[in-house]
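Taking it in order: structure first as structure tokens, then the write-up.
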Amino acid sequence: MTEHLVDPRAPRDLTAFVAGLPKAELHVHHVGSASPRIVSELAARHPDSKVPTDPAALVDYFSFTDFAHFIEVYLSVVDLIRTPEDVRLLTFEVARDLARQQVRYAELTITPFSSTRRGIDERAFMDAIEDARKAAEADFGTVLRWCFDIPGEAGLEAAEETTRLATDDRLRPEGLVSFGLGGPEVGVPRPQFKPYFDRAIAAGLHSVPHAGETTGPETVWDALTHLRAERIGHGTSSAQDPKLLAHLAEHGIPLEVCPTSNIATRAVRTLDEHPIKEFAAAGVVVTINSDDPPMFGTDLDNEYAVAARLLDLDERGLADLAKNAVEASFLDAAGKARIKEEIDTYTAGWLDR
Ligand SMILES: O=C(O)c1cccc(C(=O)CC[C@H]2O[C@@H](n3cnc4c(=O)[nH]cnc43)[C@H](O)[C@@H]2O)c1
Ligand SMILES: [Zn+2]
1 MTEHLVDPRA
11 PRDLTAFVAG
21 LPKAELHVHH
31 VGSASPRIVS
41 ELAARHPDSK
51 VPTDPAALVD
61 YFSFTDFAHF
71 IEVYLSVVDL
81 IRTPEDVRLL
91 TFEVARDLAR
101 QQVRYAELTI
111 TPFSSTRRGI
121 DERAFMDAIE
131 DARKAAEADF
141 GTVLRWCFDI
151 PGEAGLEAAE
161 ETTRLATDDR
171 LRPEGLVSFG
181 LGGPEVGVPR
191 PQFKPYFDRA
201 IAAGLHSVPH
211 AGETTGPETV
221 WDALTHLRAE
231 RIGHGTSSAQ
241 DPKLLAHLAE
251 HGIPLEVCPT
261 SNIATRAVRT
271 LDEHPIKEFA
281 AAGVVVTINS
291 DDPPMFGTDL
301 DNEYAVAARL
311 LDLDERGLAD
321 LAKNAVEASF
331 LDAAGKARIK
341 EEIDTYTAGW
351 LDR
């Protein structure tokens, strides 16, 4: 686990401001959000797993040599989710962690294929996430929505299964708003997934594939052209292509930027070399997200602190970033207006202290 929770270079006051700032999280993975406490509880339940039961040992276990190693470790945690009760517990606890950070709305990326192929009944899976979603909204006031993603490396069988689960009216959960594509990009060309995205879009889902995280800007173009992406997960390599940056800015396609993730998976060498500055300078809509927070030793508050430092933002700049995420979300207009107003009221109150 990368050890930089609470960016030590963030001014103390901004850290406190961010902690109370109402936020939206648009790029965070379900299994990748399992806290050390949940991972060790699940690992103790399933002792045949190689995942450490001691939360302290998870720090080393969550230290990645590259993106492929990250996915290998990620799948070992997926292997711990074996029953609908595991799914419900994980989902509800993830919502608790989001609520603690004043996250009012989150789109959680879930990979149902990974669970159904491991034997969890599909109906029971949907019921577990929906039950947790409703309980989280009632108990914490945090609104959760789902993005179902295709684990691209698992091939077209996974694409077909994910599309079926997302579009079958008898299964599709009420909270589902979008359709994604995750996992490694190398050797997994985006265009092959066009028919699946076409079906998901026809069923009313928004298109939010990962692209340009571990491959070049051409993957982002492919996601835009073939998958009709409305937002891009990461899009880090877009900075290498000025025409692409201009296109993203002109068409208002937001990037779901996850700075610490990019360092932890070694997609970017250091935070200071992160292209977030280039995105902002080109007028691209930047949203700040945490991806797989406990695995990367971060959380959303820390990602905002990192962004404040890299973009040289004050409180108003941070509030604008938070509003970018609300605006780029798939929440309805009234819900967006409510959270943006809350952000403005909080910021004005903070600055008037
Ligand atoms: O579940 C399986 O059996 C399986 C078989 C082959 C390949 C896969 C995957 O590739 C799963 C990838 C998994 O990773 C998730 N994820 C989490 N963080 C990221 C990220 O930063 N970039 C891309 N993918 C990420 C993704 O949601 C998939 O669930 C699975
Ligand atoms: Zn991701």
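Under UniProt numbering, the residues of the sequence shown are numbered 1 to 353, in order. Virtual Cβ for every residue (Gly too), placed ideally from N, Cα, C.
Going by CA-CA distance only, name the one from Val306, Ala322, Glu185 that's closest to Ile71. For the residues Val306, Ala322, Glu185, the minimum Cα distance to Ile71 belongs to Glu185.
Going by beta-carbon coordinates alone, are Leu271 and Val306 separated by less than 9 Å? Contact flag set, yes.
Looking at ligand 2, does it come within less than 8 Å of Glu213, judged from the CB to the closest heavy atom? For ligand 2, at least one heavy atom lies less than 8 Å from the Cβ of Glu213.
Measuring alpha carbon to alpha carbon, tell me which residue in Glu342, Gly335, Thr347 is nearest Leu318. Per the Cα distances, Thr347.
Closer than 8 Å: is that where the CB of Gly216 sits relative to any heavy atom of ligand 1? For Gly216, the Cβ stays outside the 8 Å cut-off from all heavy atoms of ligand 1.
Which full runs of the beta strand (DSSP E) of 3+ residues lie inside the segment 273 to 329, going along the chain? Complete beta strand (DSSP E) runs here, min 3: 286 to 288.
If you draw a straight line from the C-alpha of Gly235 to the C-alpha of Gly187, how long is it? Cα to Cα, the separation comes out at about 17 Å.
Do Gly216 and Ser237 have their CB atoms nearer than 9 Å? Yes. Within cutoff.
Tell me whether Ser261, by its Cβ, gets closer than 8 Å to a heavy atom of ligand 2. Under cutoff, so the answer is yes.
Looking at ligand 1, does it come within less than 8 Å of Phe125, judged from the CB to the closest heavy atom? The beta carbon of Phe125 sits no closer than 8 Å to any heavy atom of ligand 1.
Neighbourhood of Gly212 by C-beta distance below 7 Å, restricted to the same chain and skipping five residues each side: Shown here for Gly212: same chain residues with a beta carbon closer than 7 Å to its own, the five before and five after excluded, namely Thr219, Val220, Ile232, His234, Gly235, Thr236, Ser237, Ser238 in chain order.
Give a single yes or no on whether Ile288 has its beta carbon closer than 8 Å to a heavy atom of ligand 1. Placement of the Cβ of Ile288 at a distance of 8 Å or more from every heavy atom of ligand 1 is found.
Residues with C-beta closer than 6 Å to any heavy atom of ligand 2, in chain order: Going along the chain, the residues that qualify are His27, His29, Gly182, His210, Gly233, Asp291.
Ser207 beta carbon near ligand 1 (any heavy atom closer than 8 Å): Answer for Ser207: no, Cβ out of range of ligand 1.
Residue environment, Lys323, which counts as buried when at least 16 other CB atoms sit within 10 Å: The residue is buried, with at least 16 neighbouring Cβ atoms inside 10 Å.
Per-residue DSSP class, three states only, for His27: If DSSP states are grouped into helix, strand and coil, His27 belongs with the strands.
With hydrogens ignored, establish whether the beta-carbon of Ala180 is closer than 8 Å to any heavy atom of ligand 1. The sequence as given places Gly at residue 180; Ala does not occur at that position. Between ligand 1 and the CB of Gly180, the shortest heavy atom gap is smaller than 8 Å.
For Asp301, which residues of its own chain have a beta-carbon under 6 Å away from its beta-carbon, when the five flanking residues on both sides are left out? Annotation for Asp301: Val18, Ala19, Gln101 place their beta carbon closer than 6 Å to its own, counting only its chain and skipping 5 residues before and after.
Measure the C-alpha to C-alpha separation of Ser40 and Ile81 and round it to an integer number of angstroms. Rounded to whole angstroms, the separation of the alpha carbons of Ile81 and Ser40 is 12 Å.
Kindly identify the DSSP beta-bridge partner or partners of Leu156. According to DSSP, which records beta bridges pairwise, Leu156 is partnered with nothing at all.
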